[in-house]
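Here's the structure we're looking at; comments come further down.
2 protein chains.
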Amino acid sequence: MMRMSEQGSTPGRATIRDVAREAGVSVTTVSHVLNGKGTASEATRRRVLAVADRLAYRAHPMARGLRRGRTGVLGLDMRPLDAIGSYLPAGVDYFMRFAGAAAVTALDHGLGLMLVPDPTRSDITQFAHGVDGYVIGDPVRDDPVLTRLLDAGVPVVSVGRDPGRPDFTDWVGPDDTYETQRVLDLLRSRGAERVALLAGTDDNAWNVDSERAYRSWARRHDMPTRVLHIPEADGEDGGRDAARRFLAGKRPRPDAIYCQTGRHAAGVLDEARRLGFSVPRDLLIATGSDAQQTRHSVPAITALDLVPEDSGKAAVELLIARLNGETAPGPIILPAKLWMRASTGDA
Amino acid sequence: MMRMSEQGSTPGRATIRDVAREAGVSVTTVSHVLNGKGTASEATRRRVLAVADRLAYRAHPMARGLRRGRTGVLGLDMRPLDAIGSYLPAGVDYFMRFAGAAAVTALDHGLGLMLVPDPTRSDITQFAHGVDGYVIGDPVRDDPVLTRLLDAGVPVVSVGRDPGRPDFTDWVGPDDTYETQRVLDLLRSRGAERVALLAGTDDNAWNVDSERAYRSWARRHDMPTRVLHIPEADGEDGGRDAARRFLAGKRPRPDAIYCQTGRHAAGVLDEARRLGFSVPRDLLIATGSDAQQTRHSVPAITALDLVPEDSGKAAVELLIARLNGETAPGPIILPAKLWMRASTGDA
DNA sequence: ACCTTTTACTAAAACGTTTTGTCATGTATG
DNA sequence: CATACATGACAAAACGTTTTAGTAAAAGGT
Numbered sequence: 001m002m003r004m005s006e007q008g009s010t011p012g013r014a015t016i017r018d019v020a021r022e023a024g025v026s027v028t029t030v031s032h033v034l035n036g037k038g039t040a041s042e043a044t045r046r047r048v049l050a051v052a053d054r055l056a057y058r059a060h061p062m063a064r065g066l067r068r069g070r071t072g073v074l075g076l077d078m079r080p081l082d083a084i085g086s087y088l089p090a091g092v093d094y095f096m097r098f099a100g101a102a103a104v105t106a107l108d109h110g111l112g113l114m115l116v117p118d119p120t121r122s123d124i125t126q127f128a129h130g131v132d133g134y135v136i137g138d139p140v141r142d143d144p145v146l147t148r149l150l151d152a153g154v155p156v157v158s159v160g161r162d163p164g165r166p167d168f169t170d171w172v173g174p175d176d177t178y179e180t181q182r183v184l185d186l187l188r189s190r191g192a193e194r195v196a197l198l199a200g201t202d203d204n205a206w207n208v209d210s211e212r213a214y215r216s217w218a219r220r221h222d223m224p225t226r227v228l229h230i231p232e233a234d235g236e237d238g239g240r241d242a243a244r245r246f247l248a249g250k251r252p253r254p255d256a257i258y259c260q261t262g263r264h265a266a267g268v269l270d271e272a273r274r275l276g277f278s279v280p281r282d283l284l285i286a287t288g289s290d291a292q293q294t295r296h297s298v299p300a301i302t303a304l305d306l307v308p309e310d311s312g313k314a315a316v317e318l319l320i321a322r323l324n325g326e327t328a329p330g331p332i333i334l335p336a337k338l339w340m341r342a343s344t345g346d347a
Numbered sequence: 001m002m003r004m005s006e007q008g009s010t011p012g013r014a015t016i017r018d019v020a021r022e023a024g025v026s027v028t029t030v031s032h033v034l035n036g037k038g039t040a041s042e043a044t045r046r047r048v049l050a051v052a053d054r055l056a057y058r059a060h061p062m063a064r065g066l067r068r069g070r071t072g073v074l075g076l077d078m079r080p081l082d083a084i085g086s087y088l089p090a091g092v093d094y095f096m097r098f099a100g101a102a103a104v105t106a107l108d109h110g111l112g113l114m115l116v117p118d119p120t121r122s123d124i125t126q127f128a129h130g131v132d133g134y135v136i137g138d139p140v141r142d143d144p145v146l147t148r149l150l151d152a153g154v155p156v157v158s159v160g161r162d163p164g165r166p167d168f169t170d171w172v173g174p175d176d177t178y179e180t181q182r183v184l185d186l187l188r189s190r191g192a193e194r195v196a197l198l199a200g201t202d203d204n205a206w207n208v209d210s211e212r213a214y215r216s217w218a219r220r221h222d223m224p225t226r227v228l229h230i231p232e233a234d235g236e237d238g239g240r241d242a243a244r245r246f247l248a249g250k251r252p253r254p255d256a257i258y259c260q261t262g263r264h265a266a267g268v269l270d271e272a273r274r275l276g277f278s279v280p281r282d283l284l285i286a287t288g289s290d291a292q293q294t295r296h297s298v299p300a301i302t303a304l305d306l307v308p309e310d311s312g313k314a315a316v317e318l319l320i321a322r323l324n325g326e327t328a329p330g331p332i333i334l335p336a337k338l339w340m341r342a343s344t345g346d347a
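Those sequence lines, one after another, are chains S and B.
Start counting the first sequence at 1; every next residue gets the next number (my numbering).
Start counting the second sequence at 1; every next residue gets the next number (my numbering).
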């Protein structure tokens, strides 16, 4: 018959006091054994572990968090949910893969991951005591959430850099310049001589760096440039609109279109075909962000896969390193994958 | 110059002791004023509120959680992440809408929502102290996670019922019988005389009830039945396979196919068209779960929208009611929306 | 033999908040 | 006048764990 703590308000759960009593040692010794601190004889250590196991003892995270000053929970900034599929360039697919990997990585380090909805609805520092740090995605220039967290002294890691904050190096993500030019090189190798860019309008580093990469690449290859800025939120409709303007206007039409977002690319493809263009024969299409839409369109669209699983994992690991006081180097540059598909004449 | 607590390990944050000192009252009085308990004179109350506001005081959730025995965090069971897009019948779209609404609802009640990844990877009760209760989705018959949580005495609400546990009424969700027959009625009103069912293989109430509804509906209308069970995880490929078996076999072909999952429906549509069937002229298609694939296919597929936002909200609210000791009635039946689209001849 | 260091262990404080228990005073009622 | 109740307030305990500070004994070095 198991004798539980006779004090307290948590019926049925063993406390460290119960373990100490049954093992015949102090609570300090139990804590030391379970946390690998202090010293304990081998016999004592074994006895404590056996009792803890038998009582199914588990430290109470509230108590532990209070004493340690750490909660064991990381916050994941979940941008405006009423705009699902719009804010996130690659749609919900990307975010789920990212969040999933982040949650699993956190768990592997014994941490929980809390969803923090729409920071514009509440003061994100409201949870500042409840989480050890935050992961936020794609900061815009002088990102207000990032600013607030940094001002509050909250550890934070972002996916992608803040273009207005070059001194902030705690971020993970791809080298957008390199990856963008990699796709452009592919388009050129497939015969493209007039590549147009369909960019987004968010003032984040991804957009900024990709456009800059496009322009310098075009200069280097003596190619004319043509850029349209369409809000990410316009999705496939935005892509259709862009296709009409690129392909049906007076100006020389491009023979390839590089779209920042997968949803724009799907719309471009849809409209180009409607206008009678054969893809990839008449027009090549590629995108900087793989998504369901680009994988399942006909023809499937060549895309950069930003591998959100890697971003999620790396972001959590960097944040944990920061929390442990490690001076791990940032930023952490992650490679993207280039999926060559039928839209560029690839199998 | 603000004088902060001179004890403690949380630099820069006001504690309740600081507020008490500056307001010239005890910490008990501050706690009572801020939590609406005990008694305090109007003058004292005003003074305390003013000081707390000036010091930007916020209760430390660890300390509060420890003393109250409640953490202010709800857990959201996030099923196998390595199967994103497969476990969830409607794919990631559904889950994000659900999780988003749940997180926002929790926040509206001052609570956080924690993602608990893949219960098969860890003991879900690991977090039992760290959360006040759980929301889990689509329990299978005698669901192991539900069982474990109930055994551990953890408050839990599920979306959909456990078909093996009729006594468990803390669930929210649609009336699958009614909603299924509603779609079937639509198919019949569009001239269908031979409706086939493409069901999933998960032994959850959604599948069980929908198939039962289909069979009784067909009996009532003197219609022949034809059912295929294809794993949800097969997605569009599973739908394509099913279409071949329904439409190209020796048996009388159906003139309508009701698919449980949107991804199956998209696959059925794809293959039916490849086989030369015109939708909706030769064949009607509908699904019990709206998704991106059903909204964006050509023609768009008539679908039941389970409105995951409503489920997420209702689940969190029911869980909160339970935590507050309220005997709110369960289950909470939520209506679905029927989106009539081109696949059934609707605009 | 003596001094220093290490091992093994303990009691108490600390973390920040909420709840419990108590006291003094004033008011209403029988 | 005596009693009961309400108001306003306070000190201390409670929640469960980790860390701090300390001691006795054993081990190692000179």
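Note that beta-carbon positions come from the ideal geometry of N, C-alpha and C, so glycine has one too.
Alpha carbon of residue i to alpha carbon of residue j, nearest angstrom
{"i": "residue 96 of chain S", "j": "residue 98 of chain B", "result": "12 Å"}
{"i": "residue 314 of chain B", "j": "residue 172 of chain B", "result": "7 Å"}
{"i": "residue 387 of chain S", "j": "residue 132 of chain S", "result": "With chain S running from 1 to 347 in the structure shown, residue 387 of chain S is simply not present."}
{"i": "residue 265 of chain B", "j": "residue 300 of chain B", "result": "10 Å"}
{"i": "residue 257 of chain S", "j": "residue 340 of chain S", "result": "15 Å"}
{"i": "residue 317 of chain S", "j": "residue 229 of chain S", "result": "34 Å"}
{"i": "residue 269 of chain S", "j": "residue 136 of chain S", "result": "32 Å"}
{"i": "residue 89 of chain S", "j": "residue 112 of chain B", "result": "Its pLDDT being 43, under 50, residue 89 of chain S is placed unreliably by the model, and the measurement read from it follows with that caveat. Using only the alpha carbons, I get a separation of about 26 Å."}
{"i": "residue 337 of chain B", "j": "residue 51 of chain S", "result": "55 Å"}
{"i": "residue 326 of chain B", "j": "residue 138 of chain B", "result": "24 Å"}
{"i": "residue 211 of chain S", "j": "residue 199 of chain S", "result": "7 Å"}
{"i": "residue 281 of chain S", "j": "residue 247 of chain S", "result": "14 Å"}
{"i": "residue 346 of chain B", "j": "residue 192 of chain B", "result": "14 Å"}
{"i": "residue 310 of chain B", "j": "residue 101 of chain B", "result": "8 Å"}
{"i": "residue 18 of chain S", "j": "residue 143 of chain S", "result": "49 Å"}
{"i": "residue 13 of chain B", "j": "residue 154 of chain S", "result": "12 Å"}
{"i": "residue 224 of chain S", "j": "residue 164 of chain S", "result": "29 Å"}
Neighbour flag for residue i against chain B, beta carbons, 7 Å
{"i": "residue 117 of chain S", "result": "yes"}
{"i": "residue 107 of chain S", "result": "yes"}
{"i": "residue 175 of chain S", "result": "no"}
Interface residues of chain B facing residue i [CB-CB closer than 8 Å]
{"i": "residue 268 of chain S", "result": "Chain B residues near residue 268 of chain S: none, gap ~15 Å exceeds 8 Å."}
{"i": "residue 99 of chain S", "result": "115"}
is_contact[residue i, chain S] using C-beta, thresh 7 Å
{"i": "residue 137 of chain B", "result": "no"}
{"i": "residue 38 of chain B", "result": "no"}
{"i": "residue 235 of chain B", "result": "no"}
{"i": "residue 66 of chain B", "result": "yes"}
{"i": "residue 74 of chain B", "result": "no"}
{"i": "residue 319 of chain B", "result": "no"}
Chain S residues whose Cβ lies nearer than 7 Å to that of residue i
{"i": "residue 71 of chain B", "result": "62"}
{"i": "residue 130 of chain B", "result": "61 and 112"}
Residues that residue i contacts on chain B, provided the C-beta gap is smaller than 7 Å
{"i": "residue 113 of chain S", "result": "114 and 115"}
Interface partners of residue i on chain B, CB under 9 Å
{"i": "residue 198 of chain S", "result": "Within 9 Å Cβ-Cβ: nothing; residue 198 of chain S doesn't reach chain B, min ~19 Å."}
- Query: Just checking, does the region 61-78 of chain B make contact with the region 50-63 of chain S on the three C-beta pairs under 8 Å criterion?
  - Reply: yes
- Quick check: the region 150-159 of chain B against the region 144-164 of chain S, are there 3 or more CB pairs under 8 Å? no
- Output, in sequence order along the chain, the residues in the region 284-304 of chain S whose CB is closer than 8 Å to any CB in chain B. Listed by position, the residues of the region 284-304 of chain S near chain B (Cβ gap below 8 Å) are 292, 293 and 296.
- Using 8 Å as the Cβ pair cut-off and three pairs as the minimum, do the region 237-250 of chain S and the region 165-179 of chain S touch? no
- Contact between the region 29-44 of chain S and the region 65-76 of chain S: three or more CB pairs below 8 Å? No, because fewer than three Cβ pairs between the region 29-44 of chain S and the region 65-76 of chain S fall closer than 8 Å, the two stretches do not touch.
- Task: Say whether the region 282-295 of chain B touches the region 220-234 of chain B, bearing in mind that this needs 3 or more beta-carbon pairs closer than 8 Å, one atom from each stretch.
- Result: no
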